[in-house]
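Asker:
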Amino acid sequence: MNIFRLIGDMSHLLAIILLLLKMWKTRSCAGISGKSQILFALVFASRYLDLFTSFVSVYNSVMKIFFISTSLLTVYLMYFKFRATYDSNHDTFRVEFLVIPVGGLAFLVNHEFSPLEILWTFSIYLESVAILPQLFMMSKTGEAETITSHYLFALGSYRALYILNWVYRYYFEGFFDLIAVVAGCVQTILYCDFFYLYITKVLKGKRITLPA
Amino acid sequence: KDWIKRKDEL
Chain Z
468 MNIFRLIGDM SHLLAIILLL LKMWKTRSCA GISGKSQILF ALVFASRYLD LFTSFVSVYN
528 SVMKIFFIST SLLTVYLMYF KFRATYDSNH DTFRVEFLVI PVGGLAFLVN HEFSPLEILW
588 TFSIYLESVA ILPQLFMMSK TGEAETITSH YLFALGSYRA LYILNWVYRY YFEGFFDLIA
648 VVAGCVQTIL YCDFFYLYIT KVLKGKRITL PA
Chain R
14 KDWIKRKDEL
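Taken in order, these protein sequences are the chains called Z and R.
Just add 467 to the spot in the first sequence (first one is 1) and you have my numbering.
Just add 13 to the spot in the second sequence (first one is 1) and you have my numbering.
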């Protein structure tokens, strides 16, 4: 554990809590892509199956259980409890165009051709693009609530901090995982446009609005 | 193997 990973994990945790708080306080999931949230639930469910096969640390297990359960809770809140507020008309990204190619790639490019390993690879690839339905939705509506922007900033920062963690681990532990690093870089690049808007607008007290 | 080490990442 190094400082980058710790802050990265905390940022990820903060993102999830922010999203749940936003939905709970406003009793609404307006502006949130249910498709991205389903993809995140799928990411966690396929990656953390190793909860049953290997124990790493209490921290590791607690975080994994937290991520799986909160992602399922988020999906439940969006599609059941607050369904009336879900903006499905704007959430029209075709997720099969992500899941099918990513599934194929996980079969072809992985560290080991075994079920758990392929599922882990699938989750890493899927996570890197899972935010696309959310970004697509924002570009369609042309705006984002400030709390949604904070959520996305925390969520995007987490993988950027993991890149610093991988640089650190490469130099000080000789550890390097090409699949995670490439996918993590792709994931972070997808957020760059949003990061720019966040820094130039939200941090100056304005909402994110995009030209039509 | 290296991917044992990887298991501690989230």
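Don't be surprised by glycine CBs; every beta carbon is placed ideally from N, CA and C.
The structure displayed is predicted, hence computed values, not measured ones.
Kindly identify the DSSP beta-bridge partner or partners of Z/E610.
Answerer: Locating residue 610 of chain Z in the first sequence gives position 143, where the first residue counts as 1. Z/T676.
Asker: From what residue to what residue does the alpha helix (DSSP H) around Z/D558 run?
Answerer: Here residue 558 of chain Z refers to the residue found at position 91 when the first sequence is read from its first residue. From DSSP, Z/D558 is part of no alpha helix (DSSP H); its letter is neither H nor E.
Asker: What residues of chain R sit near Z/N527, judged by a beta carbon separation below 9 Å?
Answerer: Walking along the first sequence from the start, residue 527 of chain Z turns up at place 60. What Z/N527 touches in chain R: K20, D21, E22 and L23.
Asker: My output table needs one value for Z/D476: the three-state DSSP class, helix, strand or coil.
Answerer: Start at 1 with the first residue of the first sequence, and residue 476 of chain Z comes out as number 9. Looking at Z/D476 - three-state DSSP - the assignment turns out to be helix.
Asker: Kindly confirm or deny that the segment 575-582 of chain Z and the segment 611-623 of chain Z touch, where touching means at least three C-beta pairs closer than 8 Å.
Answerer: Touching, no, given that fewer than three Cβ pairs across the two stretches are closer than 8 Å.
Asker: Who are the neighbours of Z/M530 on chain R, taking C-beta pairs under 9 Å?
Answerer: The sequence position of residue 530 of chain Z within the first sequence is 63, counting from 1. Under the 9 Å cutoff, chain R gives L23.
Asker: Counting only the same chain and skipping the five closest in sequence on each side, list residues whose C-beta sits under 6 Å from that of Z/Y629.
Answerer: In the first sequence, the residue the question calls residue 629 of chain Z occupies position 162. Same-chain partners within the cutoff: G475 and G651.
Asker: Taking 8 Å as the threshold (beta carbon to beta carbon), is Z/A508 in contact with chain R?
Answerer: As a first step, residue 508 of chain Z must be located in the first sequence, where it is residue number 41. Judged by the 8 Å Cβ criterion, Z/A508 is not in contact with chain R.
Asker: Which residues mark the beginning and the end of the alpha helix (DSSP H) in which Z/V648 is found?
Answerer: Residue 648 of chain Z sits at position 181 when you count from the first residue of the first sequence. Where Z/V648 is concerned, the enclosing alpha helix (DSSP H) stretches over L645 to T667.
Asker: Within the 8 Å Cβ cut-off, does Z/A647 reach chain R?
Answerer: Taking the first sequence and counting its residues from 1, one reaches residue 647 of chain Z at position 180. By this cut-off, Z/A647 is an interface position.
Asker: So is Z/S478 in contact with chain C if we call contact Cβ pairs under 8 Å?
Answerer: This model lacks chain C altogether, as its protein chains are Z and R.
Asker: Measure the CB-CB distance between Z/N632 and Z/R514 and report whether it falls below 8 Å.
Answerer: On the first sequence, position 165 is the one that residue 632 of chain Z refers to. On the first sequence, position 47 is the one that residue 514 of chain Z refers to. It is not a contact, given that the beta carbons lie outside the stated cut-off.
Asker: Which ranges does the alpha helix (DSSP H) cover as unbroken runs of at least 4 residues, wholly within the segment 469-552 of chain Z, from first to last along the chain?
Answerer: Entirely contained in the segment 469-552 of chain Z, the alpha helix (DSSP H) runs reaching 4 residues are, in chain order, 470-493, 501-514 and 525-543.
Asker: What do you reckon, are the CB atoms on Z/V569 and Z/F547 nearer than 8 Å?
Answerer: Mapped onto the first sequence, residue 569 of chain Z falls at position 102. Mapped onto the first sequence, residue 547 of chain Z falls at position 80. Contact flag unset, no.
Asker: Are the beta-carbon atoms belonging to Z/K502 and Z/T615 less than 8 Å from one another?
Answerer: On the first sequence, residue 502 of chain Z is found 35 positions in, with the first residue counted as 1. On the first sequence, residue 615 of chain Z is found 148 positions in, with the first residue counted as 1. The answer is no: Cβ separation not under 8 Å.
Asker: Quick check on the burial criterion: 16 or more other C-beta atoms within 10 angstroms. Buried or exposed for Z/M605?
Answerer: Translated into positions along the first sequence, residue 605 of chain Z becomes position 138. By the 10 Å Cβ count, Z/M605 comes out buried.
Asker: Measure the alpha-carbon distance for Z/L671 versus Z/L518 and round it to whole angstroms.
Answerer: Translated into the one-based positions of the first sequence, residue 671 of chain Z becomes position 204. Translated into the one-based positions of the first sequence, residue 518 of chain Z becomes position 51. The sequence given here has Lys at residue 671 of chain Z, not Leu. Going by the C-alpha atoms only, they are around 42 Å apart.
Asker: Look at the Cβ atom of Z/H557, then the Cβ atom of Z/T613, and state whether they are nearer than 8 Å.
Answerer: Looking up residue 557 of chain Z in the first sequence gives position 90. Looking up residue 613 of chain Z in the first sequence gives position 146. Taking 8 Å as the Cβ cut-off, Z/H557 and Z/T613 do not qualify as a contacting pair.
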